[in-house]
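Numbering (the UniProt record's numbering), first residue to last: 1 to 343.
Don't be surprised by glycine CBs; every beta carbon is placed ideally from N, CA and C.
What follows is one structure encoded as structure tokens, with my remarks underneath.
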Amino acid sequence: MIKVGIVGGTGYTGAELLRLFAQHPQAEVSLLTSRKEAGQRADALFPHLRGHCDLSFSEPDAAALARCDAVFFATPHGTAMEMAPSLVDKGVKVVDLSADFRLRDRGVFKQWYKLDHSAASMLDEAVYGLPEVHRDAIRKARVVGNPGCYPTAVQLGLLPLLEAGVIEFEGIVADCKSGVSGAGREAKVGSLFSEVSDSFKAYGVAGHRHLPEIEQGLADIAKKPVALSFVPHLLPLVRGIHATLYARLTTPGVDLQALFEQRYASEPFVDVAPAGDHPETRGVRGGNTCRIAVHLAPDRRTVIVLSVIDNLVKGASGQAVQNFNLMFGLDEQAGLQALPLAP
Ligand SMILES: NC(=O)C1=CN([C@@H]2O[C@H](COP(=O)(O)OP(=O)(O)OC[C@H]3O[C@@H](n4cnc5c(N)ncnc54)[C@H](OP(=O)(O)O)[C@@H]3O)[C@@H](O)[C@H]2O)C=CC1
Ligand SMILES: CC(=O)N[C@@H](CCC(=O)OP(=O)(O)O)C(=O)O
């Protein structure tokens, strides 16, 4: 069995990694860290894991982590860049769920995350973990920067259009909504039930840190700069992201449904919905699927793409396991075959 360590085991993405690895045929979690809960059993904090995980949390310890084959960082931004380099030097493969290894430009990273990057050479070698775009590089990577949740939904929704060059590369609109687990498990007033329930609002209109990540990813796909407006909204849901994407068609008459179906025909985790469909967040809840529907607006010039994911699975921990499978030469779908939970 491949030995996995998780730094940040008490957060939502850490707990979701535990749930997914409990079903993984070739890997097991052997080390789980938390500073606040050190000594506590994981299944005491997360009873859904009882009978499937007998680990206790321990303090993050570099020597113990170095004995793992792979380490996942399910930690706030700024932690992985301090701890990952020495692990990678010792032969440990790293998947970072934070943004430390996503943005190639250190200046852009500093502008949005207010941190000086302390692992510049590791940043240069890190691979952006969107398998539908970078599968071959991920297979060879020692460190993967796992994408953010909104960037996953937006990039997968626009990928076939940009690759085929059938839309304008500016003026794209990404109108996105997320459930509250996207904000993490740390106590915050903005995540309280009474603040979020029975309400709906936009946030980050003046600028959200996922904008540069989305623009970098779309430019990699299009092979030229892509400009978009991105507005996130908070939904009174626990899990789920819904992205509604608008772009101007440059090639009238293109068969959009066929374009999406052909591009994603061999992708195990992207499902192109039937023509005219309106995918729901609950249709991907708990699964590693991104479900996409493509529509042409009545003006015949505006393409409208609907892209849904579970922010904790394809938007975070499921995609991280998918990347891990590729890095270790395993079946890409290992541990990820659970069906979504509906209703
Ligand atoms: N929630 C989501 O939908 C998504 C989250 N992400 C990203 O994944 C990462 C984890 O997110 P999430 O699980 O929501 O976060 P949480 O706030 O829920 O959990 C954070 C975890 O990190 C640990 N931690 C915090 N600081 C440190 C530190 N300095 N050293 C070691 N461990 C630390 C905490 O435990 P303790 O303090 O006890 O050590 C806790 O277990 C973040 O970077 C987030 O941006 C990415 C995509 C989607
Ligand atoms: C609802 C909510 O608050 N969502 C988070 C994004 C979660 C995510 O993907 O985070 P990272 O890129 O930071 O890893 C936010 O908007 O900040």
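Notebook entry, point to check: When DSSP builds the beta bridges, which residues end up paired with Ile309?
Noted result: Position 309 of the sequence shown holds residue 309. Looking at the DSSP assignment, Ile309 forms a beta bridge with Ile241.
Note to self: Let me check one thing: in DSSP terms, what residues is His295 bridge-paired to?
What the structure shows: For the purposes of this step, residue 295 is identified with residue 295 of the sequence shown, where counting begins at 1. Partner(s): Ile304.
Next item on the list: Just mark Pro60 as buried or exposed, buried being the case when its beta carbon has 16 or more other beta carbons within 10 Å.
Entry: The residue given as residue 60 occupies position 60 in the sequence shown. By the neighbour-count rule (16 or more Cβ atoms within 10 Å), Pro60 is buried.
Next item on the list: Please look up how many angstroms separate the CB atoms of Leu18 and Cys53, rounded, as I've assumed it's under 8 Å.
Entry: Residue 18 sits at position 18 when you count from the first residue of the sequence shown. Residue 53 sits at position 53 when you count from the first residue of the sequence shown. Correct: roughly 6 Å between the Cβ atoms.
Margin query: Looking at the secondary structure, which residues open and close the beta strand (DSSP E) in which His233 lies?
Written below: Taking the first residue of the sequence shown as 1, we reach residue 233 at position 233. It spans 228–234 - the beta strand (DSSP E) in which His233 sits, taken as one unbroken run.
Checklist line | Contact set for Lys110: own chain, Cβ-Cβ below 8 Å, skip 5 residues either direction | finding: To locate residue 110, count along the sequence shown from 1; it is residue 110. These residues qualify, in order along the chain: Asp116, His117.
Item checked: DSSP state of Asp198 mapped onto helix, strand, coil -> In the sequence shown, counting from the first residue as 1, residue 198 sits at position 198. Coil.
Next item on the list: Please report the residue range of the beta strand (DSSP E) in which Cys176 lies.
Entry: Sequence index remark: in the sequence shown, residue 176 carries index 176 (1-based). Segment 172–178, the beta strand (DSSP E) holding Cys176.
Margin query: Once the 5 residues before and after Asp136 are set aside, which same chain residues still bring their CB inside 7 Å of it?
Written below: To locate residue 136, count along the sequence shown from 1; it is residue 136. Closer than 7 Å at the Cβ level, and outside the excluded window around Asp136, lies no residue.
Item checked: Coil, strand or helix - Ala74 by DSSP -> As a position in the sequence shown, residue 74 is number 74, starting the count at 1. Here Ala74 sits in coil by DSSP.
Checklist line | Secondary structure of Leu34, DSSP reduced to three states | finding: The residue labelled residue 34 in the question sits at position 34 within the sequence shown. For the record, residue 34 in the displayed sequence is Ser; it is not Leu. Correct three-state label for Ser34: coil.
Next item on the list: Using alpha carbons as the reference points, say which of Gln337, Ala187, Ala258, Ala183 lies closest to Phe21.
Entry: If you number the sequence shown from 1, residue 21 lands on position 21. When only C-alpha atoms are compared, the closest one is Gln337.
Notebook entry, point to check: Using the beta-carbon count (16 or more within 10 Å), is Pro212 buried or exposed?
Noted result: On the sequence shown, position 212 is the one that residue 212 refers to. The residue is buried, with at least 16 neighbouring Cβ atoms inside 10 Å.
Check: How is Leu103 classed by DSSP in three states: helix, strand or coil?
Finding: Taking the sequence shown and counting its residues from 1, one reaches residue 103 at position 103. Coil.
Check: Considering only residues of the same chain and omitting the five flanking positions on each side of Leu49, which have a CB-CB separation below 8 Å?
Finding: Translated into positions along the sequence shown, residue 49 becomes position 49. Ala15, Leu18, Arg19, Ala22, Ala42, Asp43.
Next item on the list: Provide the residue(s) that pair with Val94 in DSSP beta bridges, ordered along the chain.
Entry: In the sequence shown, counting from the first residue as 1, residue 94 sits at position 94. Per DSSP, Val71, Val143.
Notebook entry, point to check: Going by alpha carbons, who is nearest to Ala62 out of Thr33, Lys224, Gly165, Leu235?
Noted result: Position 62 of the sequence shown, counted from the start, is the residue given in the question as residue 62. Residue Thr33 is the option with its Cα nearest to Ala62.
Checklist line | C-beta atoms of residue 344 and Asp220 nearer than 9 Å | finding: Because residue 344 is not part of the residues shown, which for the chain are 1 to 343, the question remains open.
Notebook entry, point to check: Straight-line CA distance for Glu163 to Ala222?
Noted result: Residue numbering aside, residue 163 sits at position 163 when the sequence shown is read from its first letter. Residue numbering aside, residue 222 sits at position 222 when the sequence shown is read from its first letter. For Glu163 and Ala222, the distance between alpha carbons rounds to 6 Å.
Notebook entry, point to check: Comparing alpha-carbon positions, which option in Phe328, Gly335, Thr251, Pro147 lies nearest Pro25?
Noted result: The residue given as residue 25 occupies position 25 in the sequence shown. Closest option to Pro25, Cα to Cα, is Gly335.
Next item on the list: Give me whichever residues DSSP pairs with Leu249 in a beta bridge.
Entry: If you number the sequence shown from 1, residue 249 lands on position 249. Bridge partners of Leu249: Ile167.
Notebook entry, point to check: So does Cys176 have its beta carbon nearer than 8 Å to some heavy atom of ligand 1?
Noted result: Taking the sequence shown and counting its residues from 1, one reaches residue 176 at position 176. False, no ligand heavy atom lies under 8 Å from that Cβ.
Notebook entry, point to check: Residue ranges of each alpha helix (DSSP H) run of no fewer than 4 residues wholly in the stretch 17–67, ordered along the chain?
Noted result: 42–45, 62–65
Check: Between which two residues does the alpha helix (DSSP H) harbouring Gly5 extend?
Finding: Along the sequence shown, read from residue 1 onward, the residue named residue 5 stands at position 5. Not the alpha helix (DSSP H): Gly5 falls in the beta strand (DSSP E), residues 2–7.
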